[in-house]
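Enquirer: My questions will all concern the structure given below.
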Amino acid sequence: PAPVRRLDYRPPAYLVESVDLTFELDPARTRVTARTVLLPQRTDGEAEPLRLDGRDLALESVRLNGRELGPGDYTLGADALVLPPQAGRTVLDVVTVVEPKANTALTGLYASGGTLLTQCEPEGFRRITYYPDRPDVLAVYTCRLVADEEEFPVLLSNGDRRDSGRLPDGRHWVTWADPHPKPSYLFALVAGRLGHIEDSYRTRSGRDVQVRVYAREGALPRCAHALGAAKRAMAWDEERFGLEYDLDTYTLVGVDDFNMGAMENKGLNIFNSLYLEADPETATDDDFAAVDTVVAHEYFHNWTGNRVTCRDMFQLSLKEGLAVYRDERFSGDLRGPGVQRVRDVRALRERQFAEDAGPQAHPVRPDEYQEISNFYTWTVYKKGSEVIRMLHTLFGEEGFRRGLRLYVSRHDGQAATCDQFVAAMAEANGADLTQFMRWYGQAGTPVLDVEPVYDAAARTYTLVVRQSCPPTPKQPAKEPLHVPLAVALLDPDGRRVPLRLTHEDAPSGTERVLELRQPVTTFTFADVPARPVPSLLRGFSAPVRMRMPLTSEERILLAAHDDDPFVRWESLHGYLTELLLGRYRAGDAEPAPLPPALTDALARLLRPEEPEPALAALMLELPGFDTLFGALDEVDPVRLAEVLRATREELARTLYEPLLECHRRLDDGRPYVFDAERSGRRALKNGCLSYLAELDTPEVAALLHRQYERADNMTDRLAALTALADRGDGDGVLEEFGRRWREHPLVLDKWFTVHARSRRPDALARVRRLMDHPVFSETNPNRVGALIIAFCFENPLRFHAADGSGYAFAAEQILRLDAVNPAVAARLAGCFNSWPSLDPSRRETVLRTLQVIEGSEGLSPETSEIVGNASV
Ligand code: B3K
Ligand code: ZN
Numbered sequence: 008p009a010p011v012r013r014l015d016y017r018p019p020a021y022l023v024e025s026v027d028l029t030f031e032l033d034p035a036r037t038r039v040t041a042r043t044v045l046l047p048q049r050t051d052g053e054a055e056p057l058r059l060d061g062r063d064l065a066l067e068s069v070r071l072n073g074r075e076l077g078p079g080d081y082t083l084g085a086d087a088l089v090l091p092p093q094a095g096r097t098v099l100d101v102v103t104v105v106e107p108k109a110n111t112a113l114t115g116l117y118a119s120g121g122t123l124l125t126q127c128e129p130e131g132f133r134r135i136t137y138y139p140d141r142p143d144v145l146a147v148y149t150c151r152l153v154a155d156e157e158e159f160p161v162l163l164s165n166g167d168r169r170d171s172g173r174l175p176d177g178r179h180w181v182t183w184a185d186p187h188p189k190p191s192y193l194f195a196l197v198a199g200r201l202g203h204i205e206d207s208y209r210t211r212s213g214r215d216v217q218v219r220v221y222a223r224e225g226a227l228p229r230c231a232h233a234l235g236a237a238k239r240a241m242a243w244d245e246e247r248f249g250l251e252y253d254l255d256t257y258t259l260v261g262v263d264d265f266n267m268g269a270m271e272n273k274g275l276n277i278f279n280s281l282y283l284e285a286d287p288e289t290a291t292d293d294d295f296a297a298v299d300t301v302v303a304h305e306y307f308h309n310w311t312g313n314r315v316t317c318r319d320m321f322q323l324s325l326k327e328g329l330a331v332y333r334d335e336r337f338s339g340d341l342r343g344p345g346v347q348r349v350r351d352v353r354a355l356r357e358r359q360f361a362e363d364a365g366p367q368a369h370p371v372r373p374d375e376y377q378e379i380s381n382f383y384t385w386t387v388y389k390k391g392s393e394v395i396r397m398l399h400t401l402f403g404e405e406g407f408r409r410g411l412r413l414y415v416s417r418h419d420g421q422a423a424t425c426d427q428f429v430a431a432m433a434e435a436n437g438a439d440l441t442q443f444m445r446w447y448g449q450a451g452t453p454v455l456d457v458e459p460v461y462d463a464a465a466r467t468y469t470l471v472v473r474q475s476c477p478p479t480p481k482q483p484a485k486e487p488l489h490v491p492l493a494v495a496l497l498d499p500d501g502r503r504v505p506l507r508l509t510h511e512d513a514p515s516g517t518e519r520v521l522e523l524r525q526p527v528t529t530f531t532f533a534d535v536p537a538r539p540v541p542s543l544l545r546g547f548s549a550p551v552r553m554r555m556p557l558t559s560e561e562r563i564l565l566a567a568h569d570d571d572p573f574v575r576w577e578s579l580h581g582y583l584t585e586l587l588l589g590r591y592r593a594g595d596a597e598p599a600p601l602p603p604a605l606t607d608a609l610a611r612l613l614r615p616e617e618p619e620p621a622l623a624a625l626m627l628e629l630p631g632f633d634t635l636f637g638a639l640d641e642v643d644p645v646r647l648a649e650v651l652r653a654t655r656e657e658l659a660r661t662l663y664e665p666l667l668e669c670h671r672r673l674d675d676g677r678p679y680v681f682d683a684e685r686s687g688r689r690a691l692k693n694g695c696l697s698y699l700a701e702l703d704t705p706e707v708a709a710l711l712h713r714q715y716e717r718a719d720n721m722t723d724r725l726a727a728l729t730a731l732a733d734r735g736d737g738d739g740v741l742e743e744f745g746r747r748w749r750e751h752p753l754v755l756d757k758w759f760t761v762h763a764r765s766r767r768p769d770a771l772a773r774v775r776r777l778m779d780h781p782v783f784s785e786t787n788p789n790r791v792g793a794l795i796i797a798f799c800f801e802n803p804l805r806f807h808a809a810d811g812s813g814y815a816f817a818a819e820q821i822l823r824l825d826a827v828n829p830a831v832a833a834r835l836a837g838c839f840n841s842w843p844s845l846d847p848s849r850r851e852t853v854l855r856t857l858q859v860i861e862g863s864e865g866l867s868p869e870t871s872e873i874v875g876n877a878s879v
């Protein structure tokens, strides 16, 4: 199919004044009656045909301005209903029938257990009725839901509840009205037998908002944390940006079958239950934190996404990058900004950098797509957030806030573009961001090569910074970017040096944001009494790879003394990365012993004096497989995984006593509470446990089993289970966990994943067996994610097995799942994106596998696009 191109954008030929929907809900056959009032837009020349999007709909009837139309009056295609041009205000009544129960793609109207619900972003509304399904058509909606009262006591839609009543046949109805004009992708309904918990929130201007969380009755006791998160997010957005909620009710609903994490439908946010349910017994600290982040993310969309929406789907990062930026800041305020920053940077570098270096690389604002649902990517979300963070770095808190306020007030009620967002930022700060806009258009991860020169006689310190960016698909050549580079210089004792550039009269501050615009930029600092240690890219001030010659001593100094948490982490991480890459490159040669300076630095993290255990836990972790993989060519992934494992074991042996001691000290028996301090201590404690599990001593075995048995919370229990899973003595515990949680799919997912990631030689055989487990279901994205996707993405050792069994498994599952849920199959198909960096023999196997998938009949457009890009 021909791709959709950003530059082909044309304003809509018809706008919509209002939409009135009636749903006669039935899991097998739901009738949808839609009255749409349309207004033609072209005053110049001829009016255009009235084209309404629609997919997989049974059309029952069409009336145009009250007159019933026959098949001769319109054209009905596979993806549109086209009527002749209309000159004036047009009232269209369309009746369609859809089959929610048969809809396993989980887009449009579908069933999750006994609940009926919709997912419309990006193009699900066209699977409900014929409509101009594009984000720049904003309309006011009313929605009447009619359903059996027994089966569907709760009937929800956007906006405020207006009216309700009973019908003589046992059905009841509820009418909802949403006063805020919205694009169709923000429409939603939920119908089911659900309970709720609630609280109220008083906005800054004194309005009371009912905040409710709906879920299955049995899940309600686990929803209190999400309800609290919603209120925290509401308060945060008022405090930070002066943005208040705008309806009388704010409703969150959790469902078990959902393609993504959640969806920001106006006033009716719908969540994958994974991001709504959390209690100490069933959820880990990371799960609790994820609930905070995802709830806040959807809430923040109310202004950045809903009140101001996107002109077209190419502008997706306008709302997603911004909502991610806002949820990261929110989470940073909850758990400590430094720790949050390191976690966010780590995720970006492991996932987005890989995406940007592979066959699916695309700009933050893509230029073309075949399937927009494939563009909810790390790049659009996470790199998009980094681009916005750079604006914050350039303008500071106040300047950024001014820019955001201007953007929101100027475009409230509109469908906007990335250009308009950046224009508001520029205008509010009197800045020229023309060059900065390239961050939106240019794919690939830029590289900064930094060359430091210290001149002792002149007491100057010079940084020569060269920027470049590797070619990406369809973008062979790149232009220089506008890059903020945050720097400080440390003296040999780790103290910051006052900064004065040679052309300045006096020093100002000890931390600066330097701005790069040219391919090569030189900064010379004056009055530098001794060779300093540079602390560069502080806070990860730009999403780049930085190469800088630092000695091991300098890295250790930064890791110990820098006051920037990112630089502390990065210095050690860089050191460990070099070490591991060196060991991999050395092949079979006996590795040099670990340098004592490094093991001492790691040991220091385990001492009681370490001020931030959460950061220490992050610093203690070895670089992930994907980070190392991304730095190599012609990789043998099995050998790389083995280097990682062997180094972990060696570290555990070297640091045995300090690891045990740190674990003992932090295992303080206090009852579980989820907060930043306690979860940080648990992270460090369990980091120690995970290293120790590499060793086969009776002491370690006892420790693991004791923690598993005595844990009063899932964080500690899962840590012990994970550590035991690769060991000979782990089987009993694995079995116990599976039995204990067999009624609880979200917890069983953790168990599936432990099996999927296991280093054991029979990991794939066990994954296959678990696909027959009564709780596993190929129609549930969480189950598939926990077992099949986890194996293909997170078990490099077994996925890349030399006999090709992992690749064959992936291909078989992609084809099977594609018929069930193309979005899930397309996600899984991404497991082959890394093939260009594999060794020649695996490369060949992957290419052959991709060809087989590509050549299969009836492949969905979603999966075709991913596989097609990968095999070019
Ligand atoms: N905006 C939704 C994305 C839904 C896309 C489904 N294919 C979730 C979010 O980012 O908030
Ligand atoms: Zn979002």
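Per UniProt numbering, the very first residue in the sequence shown carries number 8; after that it's consecutive.
By construction, the Cβ of each residue, glycine as well, lies at the ideal position given by its N, Cα and C atoms.
For clarity, every value in this text was computed on a predicted model and none was experimentally measured.
Give the range of the alpha helix (DSSP H) segment to which Glu337 is assigned.
Expert: Taking the first residue of the sequence shown as position 1, residue 337 is located at position 330. The sequence as given places Phe at residue 337; Glu does not occur at that position. Run containing Phe337: Leu323 to Arg342, per the alpha helix (DSSP H) assignment.
Enquirer: Could you tell me the distance, in whole angstroms, from the CA atom of Leu588 to the CA atom of Thr441?
Expert: Translated into positions along the sequence shown, residue 588 becomes position 581. Translated into positions along the sequence shown, residue 441 becomes position 434. Rounded to whole angstroms, Leu588 to Thr441 spans 39 Å at the Cα level.
Enquirer: Taking one C-beta from the segment 303-323 and one from the segment 738-746 each time, how about it: are there three or more such pairs within less than 8 Å?
Expert: In short, these stretches do not touch, since the Cβ pair count stays below three.
Enquirer: Of all the alpha helix (DSSP H) runs that stay within the bounds of the segment 536-615, which reach a length of 4 or more residues?
Expert: Here the runs fully enclosed are 559-568, 572-592 and 603-612.
Enquirer: Would you check if there are 3 or more beta carbon pairs closer than 8 Å linking the segment 495-512 to the segment 430-437?
Expert: The segment 495-512 vs the segment 430-437: no contact.
Enquirer: Taking the straight line between their C-alpha atoms, what separation do you get for Ala537 and Arg503?
Expert: The count along the sequence shown starts at 1 and reaches residue 537 at position 530. The count along the sequence shown starts at 1 and reaches residue 503 at position 496. Going by the C-alpha atoms only, they are around 12 Å apart.
Enquirer: What does a CB cutoff of less than 7 Å around Ala648 pick up in its chain, not counting 5 residues either side in sequence?
Expert: If you number the sequence shown from 1, residue 648 lands on position 641. Closer than 7 Å at the Cβ level, and outside the excluded window around Ala648, lie Phe632, Pro803 and Leu804.
Enquirer: Quick check on Tyr257: does DSSP put it in helix, strand or coil?
Expert: Counting from one through the sequence shown, the residue named residue 257 turns up at place 250. It is a strand residue.
Enquirer: My understanding is that Met553 touches Pro491, with C-beta atoms under 8 Å, so please give their C-beta distance in whole angstroms.
Expert: As a position in the sequence shown, residue 553 is number 546, starting the count at 1. As a position in the sequence shown, residue 491 is number 484, starting the count at 1. So it is not a contact: roughly 13 Å between Cβ atoms.
Enquirer: Check each candidate in Ala690, Ile277 and Gly735 and name the one with the smallest Cα separation from Met721.
Expert: In the sequence shown, residue 721 corresponds to position 714, counting from 1. That would be Ala690, whose Cα lies nearest to the Cα of Met721.
Enquirer: Regarding Glu750 and the ligand ZN, is the C-beta to nearest heavy atom distance less than 6 Å?
Expert: Walking along the sequence shown from the start, residue 750 turns up at place 743. No - the ligand ZN has no heavy atom lying nearer than 6 Å to the Cβ of Glu750.
Enquirer: Should Arg688 go down as buried or exposed, given a rule of 16 or more other Cβ atoms within 10 Å for buried?
Expert: As a first step, residue 688 is located in the sequence shown; it is residue number 681 there, counting from the start. By the 10 Å Cβ count, Arg688 comes out buried.
Enquirer: With 16 other CB atoms within 10 Å as the buried threshold, where does Gly637 fall?
Expert: By 1-based counting over the sequence shown, the position of residue 637 is 630. It is buried - the Cβ of Gly637 has at least 16 other Cβ atoms within 10 Å.
Enquirer: Alpha carbon to alpha carbon, what distance is there between Leu59 and Phe132?
Expert: For the purposes of this step, residue 132 is taken as the residue at position 125 of the sequence shown. For the purposes of this step, residue 59 is taken as the residue at position 52 of the sequence shown. Approximately 11 Å, taken between the alpha carbons.
Enquirer: Over what stretch of residues does the alpha helix (DSSP H) that includes Tyr814 continue unbroken?
Expert: As a first step, residue 814 is located in the sequence shown; it is residue number 807 there, counting from the start. It spans Ser812 to Asp825 - the alpha helix (DSSP H) in which Tyr814 sits, taken as one unbroken run.
Enquirer: Given 6 Å as the limit, tell me if residue 1 has its C-beta closer than that to any heavy atom belonging to the ligand ZN.
Expert: The chain is shown only over 8 to 879; residue 1 falls outside these bounds and no answer can be derived.
Enquirer: Is Lys189 buried or exposed, if buried means 16 or more other CB atoms sit within 10 Å of its CB?
Expert: In the sequence shown, counting from the first residue as 1, residue 189 sits at position 182. By the 10 Å Cβ count, Lys189 comes out buried.
Enquirer: Using the rule of at least 16 other Cβ atoms within 10 Å of the residue's Cβ for burial, across every protein chain shown, is Asp294 buried or exposed?
Expert: Counting from 1 along the sequence shown, the entry for residue 294 is found at position 287. Answer is buried; the Cβ neighbour count reaches 16.
Enquirer: Report yes if the C-beta distance between residue 5 and Thr870 is below 7 Å; otherwise report no.
Expert: The first residue shown for the chain is 8 and the last is 879, placing residue 5 beyond what the model contains.
Enquirer: What are the boundary residues of the alpha helix (DSSP H) that includes residue 909?
Expert: Not covered by the structure: residue 909. The range shown for the chain is 8 to 879.
Enquirer: For Cys317 versus Pro142, is the C-beta spacing smaller than 7 Å?
Expert: Translated into positions along the sequence shown, residue 317 becomes position 310. Translated into positions along the sequence shown, residue 142 becomes position 135. Cβ atoms of Cys317 and Pro142: closer than 7 Å.
Enquirer: Ser867 to Tyr138, Cα distance in whole Å?
Expert: Numbered from 1 along the sequence shown, position 860 holds the residue referred to as residue 867. Numbered from 1 along the sequence shown, position 131 holds the residue referred to as residue 138. Their Cα atoms are separated by approximately 23 Å.
Enquirer: Any contact of the segment 775-794 with the segment 244-264, i.e. 3+ C-beta pairs under 8 Å?
Expert: The segment 775-794 is in contact with the segment 244-264.
Enquirer: Can you tell me whether DSSP reads Gly274 as helix, strand or coil?
Expert: The count along the sequence shown starts at 1 and reaches residue 274 at position 267. Three-state result, Gly274: coil.
Enquirer: Which value, in whole angstroms, describes the spacing of the CA atoms of Leu329 and Glu128?
Expert: Looking up residue 329 in the sequence shown gives position 322. Looking up residue 128 in the sequence shown gives position 121. One C-alpha to the other measures close to 17 Å.
Enquirer: Would you call the CB atoms of residue 6 and Pro630 closer than 7 Å?
Expert: For residue 6 there is no data in the structure shown, the boundaries of the chain being 8 and 879.
Enquirer: Need the endpoints of the alpha helix (DSSP H) that Val144 sits in, please.
Expert: Within the sequence shown, the letter at position 137 stands for residue 144. No alpha helix (DSSP H) contains Val144, which DSSP labels as neither H nor E.
Enquirer: Tell me where the alpha helix (DSSP H) around Gln858 begins and ends.
Expert: Start at 1 with the first residue of the sequence shown, and residue 858 comes out as number 851. Residues Pro847 to Glu861.
Enquirer: Find the nearest neighbour of Thr258 within the set Leu234, Leu845, Leu605 and Arg209, judged by alpha-carbon distance.
Expert: In the sequence shown, the residue the question calls residue 258 occupies position 251. The shortest C-alpha separation from Thr258 is found at Leu234.
Enquirer: With 7 Å as the threshold, decide whether the Cβ of Leu152 is near any Cβ in chain B.
Expert: The chain inventory of the structure shown lacks chain B, comprising one protein chain alone.
Enquirer: In the DSSP assignment, find the beta strand (DSSP E) that holds Thr467 and state where it starts and stops.
Expert: By 1-based counting over the sequence shown, the position of residue 467 is 460. Here the beta strand (DSSP E) through Thr467 covers Thr467 to Ser475.
Enquirer: Please state whether DSSP places Gln377 in a helix, a strand or coil.
Expert: Position 370 of the sequence shown holds residue 377. Here Gln377 sits in coil by DSSP.
Enquirer: Under 8 Å by Cβ, that's how I've got Arg327 and Glu305 pegged, so tell me the actual separation to the nearest angstrom.
Expert: Translated into positions along the sequence shown, residue 327 becomes position 320. Translated into positions along the sequence shown, residue 305 becomes position 298. Residue identity check: residue 327 is Glu in the sequence provided, not Arg. Incorrect: roughly 12 Å between the Cβ atoms, too far for contact.
Enquirer: How is the alpha helix (DSSP H) around Lys238 delimited, first residue to last?
Expert: Counting from 1 along the sequence shown, the entry for residue 238 is found at position 231. From DSSP, the alpha helix (DSSP H) with Lys238 extends over Ala231 to Phe248.
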